[in-house]
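Novice: Input: one structure, supplied below.
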Amino acid sequence: MKGASGGPPRTAERLLRRMGRRGPTGLSVLGDLREEFDEVRSRRGGSVAALWFWLQAVRIAVRLAFERRRRRPAAPLTSGPVPSVPGTRAGSAGPRPPHRGPFHLIGSPARELAGAARGLMRSPGYAAFTAGVLALGIAANTTVFSLVNWVMLRPVPGVEAPEELATLRFMSDDGATYTVPHALWRELSGRSETLAELAAFTPVAVHLTAGEGEPRRIDAQLVTANFFDALRLRMAAGRGFTAAEGTDPDQADVLVLSDRLARELFGGAGVALGATVLLSGNPFVVVGVAAPGFLGPELPGDRDLWLPASSYRQAMPHYREGFLADRRMAAWYRMVGRRAAGATLAQATAEMRVLAGAVAEEFGEDAWFRDFGAVLTPGIGVSPELRERMGRSFALMMAAVGFLLLLTCVDVAHLTIARSTRRRRELAVRRALGASRGRVVRAILVESVLLALAGGLIAFLVSFGLVRLFRGSRVISWLPEMGDVALDARVLAFALAVAALSGLAFGLVPALRASAGDATTALRHTPDRRAGRLFDGLVVAQLALSLPLFIGAGLLSRTVANLRANETGFEPRGVMSLSLEPSVQGYGDERTHELYGEIVDRVGALREVDSVGIVYPPPFGGIRAGSLVARVGQDLREAGIFVDHAQVSAGFFEALRIPVEGPGFDPQRVVVDDDNRRQIVLSRSLARELFGEQPAVGQQVAISVGGGGAAAHEVVGVAGDARLFRLGDEPRMVVYHPVGQPYLPVETAIVMRGRGDPQAMMEGTRRVLRELAPALPVFDVASMTQRMDRTIAGERLLARLGAAMALLASLLAAVGIFGVVSTMVRSRTRELGVRLALGAQPAKILARILARTAMVSGLGAAIGVVGAAWMTRWLEGTLYGVARLDPVTFIAAASGALVIAVVAGLLPALRAARIDPVRTLSAE
Amino acid sequence: MRPHAPLGEFEQLVLCAILQREGEAHGIEIRREIEARAERKVSRGALYTALERLETKGLVEWRQGDSVPSRGGLPRRCYSVTDEGLRLLRATFGTWSRMTDGIEELLEES
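Protein chains in written order, with our numbering: chain A, 1 to 924; chain B, 1001 to 1110.
Take a look at the structure:
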């Protein structure tokens, strides 16, 4: 658990505070630990420091508690004479003597707890093993839950009274969200009575240079001036925007940084305040730093900088003049409103609809947003659609770890039964002496829950380390990478609740069993028939529970393998890419063309570079541009095919090794000019679609242009089909244009194929870029393989988790089956001894035990297979290239599980075969 | 106050460390001092327990020291050894030097 400001975990602090108040150390220990926490954090990072703090706090608290308890009984001796009462012992205040331990003054539940703790101390092996196994299961659950908590449940940091907030969007009938004009926001926010404050924001990217640092591309948000007021965002330093900064371009050279960016650039929020940075070369002053953790009103957030609306001219030179003033220009992506006192969400929704309609009426011709519906959803943070998407992935993960937890419960239940069987006589004696059945059941249950809670605490601490494994992964491929996941009180509560539940789950059966039957039969030490059946049941459960995990993991890993094995249509290895946005830096078309030409010339001339090309959209970048095409002479509206458009230089095909038939683009011309403006290269499938088996090169193709017209283009080449959008998608039909046709895109990627060391190639390329355009940030530097993997990040995360779960499950199943067979052999030692003495073959005994294990396991596996067959429906939509009932996976998983079961049973079975009949019988 | 039992070894280390850092002997410093001079790991739990015990026995006392920002307003606690503490430490040291009298060469680290 981290404090809000990245400080020490608050719950751990509370623990130290309590200890401090109760003894002479006071709060100095907490102070010391805070001081050291700071050092640890700066050396090892926030999560390690938080874990460290927890460990230290618990250790100190435990030591102090023991010390104080030890001292307390002695206290009366030093604090003066104790008046002695005839008939009682000096110093004993009540009916109980003080040596009964620390809990003796508290009521009976506490006494039972103390009794259970003492009982467990007497079998430390059992206690440690049980708590350890449970910790494993609970840790898996806690870790996945902390992920869910971090991504979906936690509130947006720093926002006050989020329950009053609502998010306003404008959606078309098909569910797409549309960006709406500034004027619409102005009217809505001016007229609304149900929303006291309505702010609007839109995602932008800016180029930032701070001091002598390299220029960087920062994900930012353009906001209306009341944005921070509407959110009631706590500021780490400084302020939000004033009304004037939102409307007057001359005052708008101000910005607010995220806490993390302020730390990164300036070392702290306070230091950043008042500093001047350059955005696209224009000076801006830092007037505020947002609350730590705040990265925009949406979750998962990835915004690090906020700009007032009217600053766009200086911060984003590529934005068109009139971006705010023109009613036809789309400006705001979403709005966030704070409900006025007494206004309900329904009222606010109704009002927004009415107002939006009225505004559309007034705007007349300009109201292109007329048909969009105003949709108001409660709160901010994760959008409902995203919540649903991620919910599916998380439900899968939680189901998997749930199974794992059940598996640990089965393991532990067996141990507990074995233990209570050994204690049966003791329990029977207790009942014979008058203890009620309820009392005995309770005693065992208290023990189980106590163990489980210990396991839960361990699990909580272990999770601090485990969540670090998720850094950099993505729940859904297009989401931002996850940063540090922090654990909070909700996660702790979850861990303890899961622990308590599993304690009850694995304790109940043993408790009922141990206390069942009348005392006399139990005392007569007869072998227990029912125990055999129960143990068989446990083995069945082990297999039935682990098989769905094996099968799920198998299907997911095959999905990832299939995705990766797809024929991409190009050679990704050895290709690196990076992105540039010259227009954001204020480059005009002319200058951009020149820059691209020089980049291709000079990077291509580097010794390490084999070929270099320019491409838009960046491969696997998630952006698509499309329109209709047809053969010249056909009616576009009737015969037109919807295809993707890309802009490339000739070097692109060469760098990616995409074969091109025909002359293709002229390698000497990097960008569009009057000669090649109407030249296109078609992807092979599109060429076939348009011209069948006829040669496409030399043909004319009509492409729709804005306003319903069409322009004829000449095919100069046919390129091989390539998957360049998503690994799981079929290759799309693409028209390739020269770079800059029909217009220059904001972001373009440079792709290069190297000879040898890609690192050297990147260094050389960066050097060239620094010389050509020193102020232009280079971003999204990645190899083509990394870009491809990014598009299947969600599947990869599930597959990795699935594999981890399956590994743990096989371990737990093996341990469990080993334990059950061992217990069974031990309880039948006498019987087996007699058999051996009567001439039974040891090999036969071995075979019988193994056969039984195999049979029972087979039953479990069968149940598991049936269950898994039903459960794989949850994976539908996630799987790729493998059926959800894929026989190979099912058979491999089932036989793997059986092998594990038999191998786990082998060791105890061998022991059974080696029983010495003489010694066994003489021991009776 | 009844006469004190002899000091435990760790208590001796703590008292010595406080004397070594007289004036700036707060928790963190004391621990570092012992770790540096005695060349052993000192757990925080053990240290704070010992300090609490020594304080209860009246062998150390403390005054509020300065604070640093990372402590979030909680002042440092600067420990010093009381007269009684010093007396006991002297007694321990006396015993020790009488016991080692004449065998110093044997005990000297080479």
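All C-beta atoms, glycine included, are put in the ideal place defined by N, C-alpha and C.
Since the structure is predicted, the reported quantities are computational estimates derived from the model, not experimental observations.
Our contact map puts V632(A) next to A712(A) with C-beta atoms below 8 Å; I'd like the distance itself, whole angstroms only.
Specialist: Within the first sequence, residue 632(A) is the residue found at index 632, counting from 1. Within the first sequence, residue 712(A) is the residue found at index 712, counting from 1. So it is a contact: roughly 5 Å between Cβ atoms.
Novice: Rounded to a whole number of angstroms, what is the C-alpha to C-alpha distance between L534(A) and V509(A)?
Specialist: Along the first sequence, one-based indexing puts residue 534(A) at 534. Along the first sequence, one-based indexing puts residue 509(A) at 509. C-alpha separation (whole angstroms): 10 Å.
Novice: With a cut-off of 7 Å, does the C-beta of R89(A) fall near any C-beta of chain B?
Specialist: Taking the first sequence and counting its residues from 1, the one referred to as residue 89(A) is at position 89. Bear in mind that a pLDDT of 39 at R89(A), under 50, signals an unreliable position, so the number given afterwards is only what the model happens to contain. Against chain B, the CB of R89(A) has no partner CB under 7 Å away; the residue lies outside that interface.
Novice: Since V1068(B) meets chain A, which of its residues come closer than 8 Å, beta carbon to beta carbon?
Specialist: Indexing the second sequence from 1 puts residue 1068(B) at position 68. Per Cβ cutoff of 8 Å: E35.
Novice: Which same chain residues, not among the five before or five after A814(A), have their C-beta less than 6 Å away from its C-beta?
Specialist: Here residue 814(A) corresponds to residue number 814 of the first sequence, with the count starting at 1. Hits under 6 Å: I900, A904.
Novice: Kindly list the residues whose CB is nearer than 6 Å to the CB of G373(A), restricted to its own chain and excluding five residues on each side of it in sequence; keep chain order.
Specialist: Counting from 1 along the first sequence, the entry for residue 373(A) is found at position 373. So the qualifying residues of the chain are M171.
Novice: Quick check on P887(A): buried or exposed, where buried means 16 or more other Cβ atoms within 10 Å of its Cβ?
Specialist: Along the first sequence, one-based indexing puts residue 887(A) at 887. Counting Cβ neighbours within 10 Å, P887(A) comes out exposed, since fewer than 16 surround it.
Novice: Just the C-alpha distance for A61(A) and E1084(B), rounded to the nearest angstrom, thanks.
Specialist: Looking up residue 61(A) in the first sequence gives position 61. Looking up residue 1084(B) in the second sequence gives position 84. About 28 Å.
Novice: Which same chain residues end up closer than 8 Å to G101(A) when comparing Cβ atoms and leaving out the 5 residues on each side of it in sequence?
Specialist: In the first sequence, residue 101(A) corresponds to position 101, counting from 1. For G101(A), the pLDDT reaches just 41, beneath the cut-off of 50, and the residue's location in the model is therefore unreliable, leaving the point undetermined.
Novice: Listed in chain order, which residues of the region 1020-1036 of chain B have Cβ atoms closer than 9 Å to some Cβ of chain A?
Specialist: H1026, G1027, I1028, R1031
Novice: Go ahead and pull the three-state DSSP assignment for R1005(A).
Specialist: As displayed, chain A neither begins before 1 nor continues past 924, which places residue 1005(A) out of reach and without an answer.
Novice: Could you name the residues of chain B that I60(A) contacts, counting a contact when the two beta carbons are closer than 7 Å?
Specialist: Counting from 1 along the first sequence, the entry for residue 60(A) is found at position 60. Residues of chain B passing the Cβ test: R1044, G1045, Y1048.
Novice: Pick helix, strand or coil for A1091(B), following the three-state DSSP scheme.
Specialist: Locating residue 1091(B) in the second sequence gives position 91, counting from the first residue. Reduced to three states, the DSSP call for A1091(B) is helix.
Novice: Is there a Cβ of chain A sitting closer than 7 Å to that of E1055(B), yes or no?
Specialist: On the second sequence, residue 1055(B) is found 55 positions in, with the first residue counted as 1. Yes, because at least one Cβ of chain A sits closer than 7 Å to the Cβ of E1055(B).
Novice: Please state if the CB of V615(A) and the CB of T143(A) are separated by a distance shorter than 7 Å.
Specialist: Indexing the first sequence from 1 puts residue 143(A) at position 143. Indexing the first sequence from 1 puts residue 615(A) at position 615. No, the pair does not count as a contact, with Cβ atoms beyond the cut-off.
Novice: Quick check: T179(A) and A330(A), are their CB atoms within less than 7 Å of each other?
Specialist: Against the first sequence, residue 179(A) aligns to sequence position 179. Against the first sequence, residue 330(A) aligns to sequence position 330. Taking 7 Å as the Cβ cut-off, T179(A) and A330(A) qualify as a contacting pair.
Novice: Give the interface partners of G1058(B) over in chain A, defined as CB-CB distance under 8 Å, in chain order.
Specialist: Here residue 1058(B) refers to the residue found at position 58 when the second sequence is read from its first residue. Annotation: G1058(B) has no Cβ neighbours in chain A at a cutoff of 8 Å; minimum Cβ distance is about 11 Å.
Novice: Going by C-alpha distance, which of S683(A), M871(A), D302(A), I599(A) is nearest A544(A)?
Specialist: Counted from its first residue, the first sequence places residue 544(A) at position 544. Among S683(A), M871(A), D302(A), I599(A), the Cα nearest to that of A544(A) belongs to M871(A).
Novice: Thinking just about the alpha-carbon of each residue, which of P758(A), M335(A), A868(A) is nearest to the one in A553(A)?
Specialist: To locate residue 553(A), count along the first sequence from 1; it is residue 553. Closest option to A553(A), Cα to Cα, is A868(A).
Novice: Hey, L808(A) and L404(A): beta-carbon distance below 7 Å or not?
Specialist: Within the first sequence, numbered from 1, the residue matching residue 808(A) stands at position 808. Within the first sequence, numbered from 1, the residue matching residue 404(A) stands at position 404. Result yes, Cβ atoms of L808(A) and L404(A) sit closer than 7 Å.
Novice: Following the continuous beta strand (DSSP E) through H645(A), name the residue where it begins and the one where it ends.
Specialist: In the first sequence, counting from the first residue as 1, residue 645(A) sits at position 645. Per DSSP, the continuous beta strand (DSSP E) segment holding H645(A) begins and ends at 641-648.
Novice: So, at 6 Å on beta carbons, what are the nonlocal neighbours of A909(A) in its own chain, with the 5 sequence-adjacent residues on each side left out?
Specialist: Numbered from its first residue, the first sequence carries residue 909(A) at position 909. The beta carbon of A909(A) lies closer than 6 Å to those of L846, I849, L850 in the same chain, with the five residues before and after it left out.
Novice: Counting only the same chain and skipping the five closest in sequence on each side, list residues whose C-beta sits under 8 Å from that of L772(A).
Specialist: On the first sequence, residue 772(A) is found 772 positions in, with the first residue counted as 1. Cβ neighbours of L772(A) beyond the five flanking positions: L595, E598, I599, R602.
Novice: Can you find a CB in chain B that lies within less than 7 Å of the CB of E67(A)?
Specialist: Translated into positions along the first sequence, residue 67(A) becomes position 67. It does; some Cβ of chain B falls within 7 Å.
Novice: Quick one: give me the first and last residue of the alpha helix (DSSP H) that E35(A) is part of.
Specialist: Translated into positions along the first sequence, residue 35(A) becomes position 35. 28-44 is the span of the alpha helix (DSSP H), which, as asked, contains E35(A).
Novice: Determine whether the beta carbon atoms of A291(A) and L233(A) lie at a separation below 7 Å.
Specialist: Here residue 291(A) refers to the residue found at position 291 of the first sequence. Here residue 233(A) refers to the residue found at position 233 of the first sequence. Yes, they are a contact pair.
Novice: Across which residues does DSSP place R334(A) in a beta bridge pair?
Specialist: Mapped onto the first sequence, residue 334(A) falls at position 334. Paired residues: F201(A).
Novice: For the beta strand (DSSP E) that contains H713(A), what are its first and last residues?
Specialist: As a position in the first sequence, residue 713(A) is number 713, starting the count at 1. Its beta strand (DSSP E) spans residues 710-719.
Novice: Quick one: Cα of F890(A) to Cα of V865(A), how far?
Specialist: Counted from its first residue, the first sequence places residue 890(A) at position 890. Counted from its first residue, the first sequence places residue 865(A) at position 865. Going from the Cα of F890(A) to the Cα of V865(A) covers about 7 Å.
Novice: Under 7 Å, CB to CB, which of the residues in the region 15-48 of chain A have a partner in chain B?
Specialist: G23, P24, T25, L27, S28, V29, L30, G31, D32, R34, E35, E36, D38
Novice: Give me whichever residues DSSP pairs with P738(A) in a beta bridge.
Specialist: Within the first sequence, the letter at position 738 stands for residue 738(A). Paired residue(s): V648(A).
Novice: If you run the structure through DSSP and keep just helix, strand and coil, what is I218(A)?
Specialist: The sequence position of residue 218(A) within the first sequence is 218, counting from 1. Strand.
Novice: I'd like the list of long-range same chain contacts for A252(A), defined as Cβ closer than 7 Å, with 5 residues on each side in sequence excluded.
Specialist: The residue given as residue 252(A) occupies position 252 in the first sequence. Here the set comprises E245, P308, S310, S311.
Novice: Leaving out five residues on either side along the sequence, give the residues of the same chain with a beta carbon under 6 Å from the beta carbon of P81(A).
Specialist: Along the first sequence, read from residue 1 onward, the residue named residue 81(A) stands at position 81. Because the pLDDT of P81(A) is 40, which lies under 50, any placement of that residue in the model is unreliable, and the number read from its coordinates should be weighed accordingly. Closer than 6 Å at the Cβ level, and outside the excluded window around P81(A), lies no residue.
Novice: Name the chain A residues that come within less than 9 Å of R1076(B), Cβ to Cβ?
Specialist: Locating residue 1076(B) in the second sequence gives position 76, where the first residue counts as 1. Simply S28, G31, D32, E35.
Novice: Kindly provide the ranges of any alpha helix (DSSP H) runs that are 4 or more residues long and lie completely inside the region 799-826 of chain A, ordered along the chain.
Specialist: none
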